[in-house]
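Asks:
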Amino acid sequence: MEHFIRPDGSPPVNGYSHAVAFTGAMVAVSGQVPVDGDGNPVGEGDAEAQIRQVYANLTTALEAAGSGLEHVVKLTVYLTDLDDLGAFRKVRDEHQDAEHPPACSLVRVAGLVHPDFRVEIDAWAVAPGAG
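Numbering-wise (the working numbering), the sequence shown opens with residue 493 and increments by one.
1) Taking contact to mean 3 or more Cβ pairs, one atom from each stretch, closer than 8 Å, check whether the region 563 to 578 and the region 606 to 614 are in contact.
2) Give every residue of the same chain whose Cβ lies closer than 7 Å to the Cβ of E536, excluding the five residues on either side of it in the sequence, and list them in chain order.
3) Tell whether a beta-carbon distance below 9 Å holds between G523 and R584.
4) Any idea which residues DSSP pairs A615 with across the strands?
5) Can you tell me the Cα-Cα spacing of G531 and K582, whole angstroms?
6) Excluding the 5 residues flanking V599 on each side, which residues of the same chain have their C-beta closer than 6 Å to its C-beta?
7) When you compare the CB positions of M493 and V521, do they come within less than 9 Å of one another, or not?
8) Hey, which unbroken runs of the beta strand (DSSP E) at 3 residues or more fall wholly within the region 527 to 591?
9) Please report how far the alpha carbon of A602 lies from the alpha carbon of G558, in whole angstroms.
10) Where L554 and S502 are concerned, what is the direct C-alpha to C-alpha distance, given to the nearest angstrom?
11) Which of the three DSSP states, helix, strand or coil, is assigned to S597?
12) What residue range is occupied by the uninterrupted beta strand (DSSP E) comprising L495?
13) Would you mind reading off the limits of the beta strand (DSSP E) that contains A511?
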């Protein structure tokens, strides 16, 4: 992977790359929501707890596909409340390498599949050694 965090002439970034070039087998991870392994919602009203659960679910899905958070090339983050952006950045920064951040899109949405969900994240990653 090659990260283009801030190519000449592009605007400043906060924890993401403007572009990521890569080769290898791709892993597409469906939108992960704040539910535990038994399907129970986690962190009602607590954005940080929900984001932590989403990252745990992302990790599980990526590892099952032979990848990991360090191999994510693109995240799409859906937040129902932009006041949760600080919590997202805090948890994101605990899980990703600041020197090699993925490309990222942030979308404010009116709601998610469950009314208590504040966040959903999907990802594209490389599966090293596959393909």
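Just so you know, even glycine gets a beta-carbon here, dropped at the ideal spot from N, CA and C.
Replies: Answer, in terms of the structure:
1) Flag = yes, the region 563 to 578 and the region 606 to 614 touch.
2) Working through the sequence shown from its first residue, we reach residue 536 at position 44. Exclusion of the five residues before and after E536 leaves D608 as the residues of its chain whose Cβ lies within less than 7 Å of its Cβ.
3) The residue given as residue 523 occupies position 31 in the sequence shown. The residue given as residue 584 occupies position 92 in the sequence shown. Taking 9 Å as the cut-off, the Cβ atoms of G523 and R584 do not count as close.
4) Locating residue 615 in the sequence shown gives position 123, where the first residue counts as 1. Looking at the DSSP assignment, A615 forms a beta bridge with V521 and L567.
5) On the sequence shown, residue 531 is found 39 positions in, with the first residue counted as 1. On the sequence shown, residue 582 is found 90 positions in, with the first residue counted as 1. Each residue's alpha carbon lies about 25 Å from the other.
6) The sequence position of residue 599 within the sequence shown is 107, counting from 1. Within the same chain, V599 has close Cβ partners Y570.
7) Working through the sequence shown from its first residue, we reach residue 493 at position 1. Working through the sequence shown from its first residue, we reach residue 521 at position 29. No; because the gap between Cβ atoms is not below 9 Å, this pair is not in contact.
8) Secondary structure in the region 527 to 591: the beta strand (DSSP E) runs of 3 residues or longer, each lying completely within the stretch, are 564 to 571 in chain order.
9) Within the sequence shown, the letter at position 110 stands for residue 602. Within the sequence shown, the letter at position 66 stands for residue 558. When rounded, the separation of the alpha-carbon atoms in A602 and G558 is 34 Å.
10) Here residue 554 is taken as the residue at index 62 of the sequence shown, counted from 1. Here residue 502 is taken as the residue at index 10 of the sequence shown, counted from 1. Rounded to the nearest angstrom, the two C-alpha atoms are 30 Å apart.
11) Position 105 of the sequence shown holds residue 597. In the structure shown, S597 sits in a strand (DSSP, three-state: E or B).
12) The residue you call residue 495 lines up with position 3 of the sequence shown. A small fix is needed here, since residue 495 is His in this sequence, not Leu. In the DSSP assignment, H495 falls within the unbroken beta strand (DSSP E) covering E494 to F496.
13) Stepping through the sequence shown from its first residue, residue 511 is reached at position 19. Taken as a continuous stretch (DSSP letters only), the beta strand (DSSP E) holding A511 covers A511 to A513.
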